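Below, the structure written as structure tokens:
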């Protein structure tokens with residue numbers, strides 16, 4: 001890279017905005033960091049979303065990530081870890097602002113399209129799952145891997161994962177398994193799976209659709225034609241072969257210890273190589289992730305199935321606050337992202353040591369209802 005180009009790239013904004021045929025194209029522009037969200041990016045995105053909502057000349061929004069590797073790898077966890085280590089309190093404002101942004105996208109009155117090409121995890125899922133049209137490709141890698149670092153699948157995951165059967169939701173949320181684009185489509189976390197190269201020229205096709213004086217549903221159908229190629233062939237969803245195993249082991253009536261016990265018992269039997277690999281990988285995930293957050297996540301996911309989106313965000317903020325202030329988050333980030341020794345010292349260390357009252361404590365809100373930082377979320381819908 002020439003010195004001139006390098007200098008230009010250093011000063012390029014982290015969020016890019018342009019309008020094509022009345023459709024706003026918002027690009028997360030930190031490709032070197034897999035477009036991970038900083039607090040400043042969250043604020044900038046929130047301002048752009050509000051601008052698009054109120055501008056009558058903008059009829060839809062497309063969210064995309066810069067570079068070929070990912071849409072968005074999530075929030076900047078290392079930065080949050082550093083703030084916590086310095087005993088700074090403003091880490092919480094990041095989550096408050098992020099959840100408000102996600103909620104604004106979920107309730108956006110105009111069509112939103114998300115191009116989930118490449119790595120899409122954590123905070124990236126919070127943005128992407130809010131879209132009306134979620135596009136994945138053969139390069140897509142979707143996951144909510146938070147329990148691995150002593151955290152909770154948040155950003156609305158306790159609601160959007162409930163689009164799947166409870167057993168699949170528990171499997172995805174507890175293990176943090178990475179899903180391909182085809183698997184995301186199969187498990188209702190995507191609406192279209194297309195070849196990645198088809199997305200390279202979507203702006204040309206966008207110019208050819210009618211966007212003036214068009215009803216929202218009709219516009220959404222037109223946008224789908226922009227992103228769905230003719231004779232589209234969806235790749236094989238490999239995880240589909242294990243659906244019956246997932247349904248059997250991740251029974252919603254089973255606690256985490258029971259799930260682990262059934263996996264251990266099944267590993268003692270004869271299986272094909274593929275089934276044994278799946279059992280082993282699943283067992284190892286559930287015996288290496290934070291015991292406390294596995295229990296808390298299980299209960300939060302099941303509770304979220306009965307909650308509104310706003311209620312889920314409020315619940316998640318409370319759990320996140322507990323996890324960072326008094327849980328395993330700092331140790332998980334230290335072990336996996338800072339020191340990288342991959343040997344977190346969870347407290348407590350085993351599933352058997354996690355007391356029910358500790359789980360209830362994490363699920364209880366740190367605030368009275370009216371004092372909750374997200375207390376007003378959803379009020380505009382209630383008044384409409």
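Numbering (UniProt numbering), first residue to last: 1 to 384. Ideal Cβ positions, reconstructed from N, Cα and C, are used throughout, including at glycine. As the structure is a prediction and not an experimental result, all values here were calculated from the model.
Since residue i contacts residue j with CB under 8 Å, what's their CB separation in whole angstroms?
{"i": "residue 122", "j": "residue 139", "result": "The pair is not a contact, with the Cβ atoms about 18 Å apart (cut-off 8 Å)."}
{"i": "residue 294", "j": "residue 174", "result": "6 Å"}
{"i": "residue 156", "j": "residue 126", "result": "6 Å"}
{"i": "residue 239", "j": "residue 284", "result": "With a Cβ gap of about 17 Å, residue 239 and residue 284 do not count as contacting."}
{"i": "residue 109", "j": "residue 220", "result": "Going by Cβ atoms, the distance from residue 109 to residue 220 rounds to 12 Å, so no, they are not a contact pair."}
{"i": "residue 385", "j": "residue 275", "result": "Since the displayed the chain opens at 1 and closes at 384, residue 385 lies outside it and no answer follows."}
{"i": "residue 366", "j": "residue 308", "result": "In fact, because the Cβ distance is near 20 Å, the residues do not count as touching under 8 Å."}
{"i": "residue 43", "j": "residue 102", "result": "With 8 Å as the limit, residue 43 and residue 102 do not qualify as a contact, their Cβ atoms being about 14 Å apart."}
{"i": "residue 15", "j": "residue 45", "result": "6 Å"}
{"i": "residue 314", "j": "residue 372", "result": "6 Å"}
{"i": "residue 26", "j": "residue 60", "result": "About 11 Å separates the two Cβ atoms, so there is no contact after all."}
{"i": "residue 190", "j": "residue 136", "result": "4 Å"}
{"i": "residue 104", "j": "residue 134", "result": "With 8 Å as the limit, residue 104 and residue 134 do not qualify as a contact, their Cβ atoms being about 17 Å apart."}
{"i": "residue 19", "j": "residue 58", "result": "6 Å"}
{"i": "residue 289", "j": "residue 148", "result": "5 Å"}
{"i": "residue 259", "j": "residue 271", "result": "About 18 Å; that fails the 8 Å criterion."}
{"i": "residue 319", "j": "residue 152", "result": "5 Å"}
From the DSSP output, in three-state form, read off residue i for me.
{"i": "residue 91", "result": "helix"}
{"i": "residue 329", "result": "helix"}
{"i": "residue 75", "result": "strand"}
{"i": "residue 237", "result": "coil"}
{"i": "residue 384", "result": "Because residue 384 sits at a pLDDT of 41, beneath the cut-off of 50, its placement in the model cannot be relied upon, and the point is left open."}
{"i": "residue 187", "result": "coil"}
{"i": "residue 155", "result": "coil"}
{"i": "residue 214", "result": "coil"}
{"i": "residue 163", "result": "helix"}
{"i": "residue 231", "result": "coil"}
{"i": "residue 336", "result": "helix"}
{"i": "residue 207", "result": "coil"}
{"i": "residue 200", "result": "helix"}
{"i": "residue 12", "result": "coil"}
According to DSSP, residue i sits in a beta bridge with which residue or residues?
{"i": "residue 19", "result": "24"}
{"i": "residue 65", "result": "28"}
{"i": "residue 192", "result": "135"}
{"i": "residue 180", "result": "141"}
{"i": "residue 37", "result": "75"}
{"i": "residue 60", "result": "23"}
{"i": "residue 70", "result": "119"}
Could you name each continuous beta strand (DSSP E) segment of 3 residues or more that falls completely within the region 77-150, going from the start of the chain to the end?
Contiguous beta strand (DSSP E) elements confined to the region 77-150 occur at 112-116, 119-121, 133-136, 141-143, taking only those with 3 or more residues.
Count Cβ pairs between the region 327-338 and the region 297-311 that sit closer than 8 Å; are there 3 or more?
They do not touch, by the three-pair rule.
Stretch pair the region 21-37 + the region 57-73: three plus CB contacts closer than 8 Å
By the criterion of at least three beta-carbon pairs nearer than 8 Å, the region 21-37 is in contact with the region 57-73.
So, do the region 278-292 and the region 247-263 have three or more beta carbon pairs nearer to each other than 8 Å?
Because the criterion of three Cβ pairs below 8 Å is met, the region 278-292 and the region 247-263 touch.
Let me know the beta strand (DSSP E) ranges lying completely inside the region 237-325, each 3 residues or longer, listed in chain order.
Here no run is fully enclosed.
Between the region 153-172 and the region 33-43, are three or more C-beta pairs nearer than 8 Å?
Contact fails: fewer than three Cβ-Cβ distances are below 8 Å.
Touching or not, the region 183-197 and the region 229-239, by the rule of three or more beta carbon pairs under 8 Å?
The region 229-239 and the region 183-197 touch, with three or more beta-carbon pairs separated by less than 8 Å.
Complete alpha helix (DSSP H) runs within the region 339-384 (minimum length 4 residues, chain order):
The region 339-384 is shown to contain whole alpha helix (DSSP H) runs of 4 or more residues at 356-363, 379-383, in chain order.
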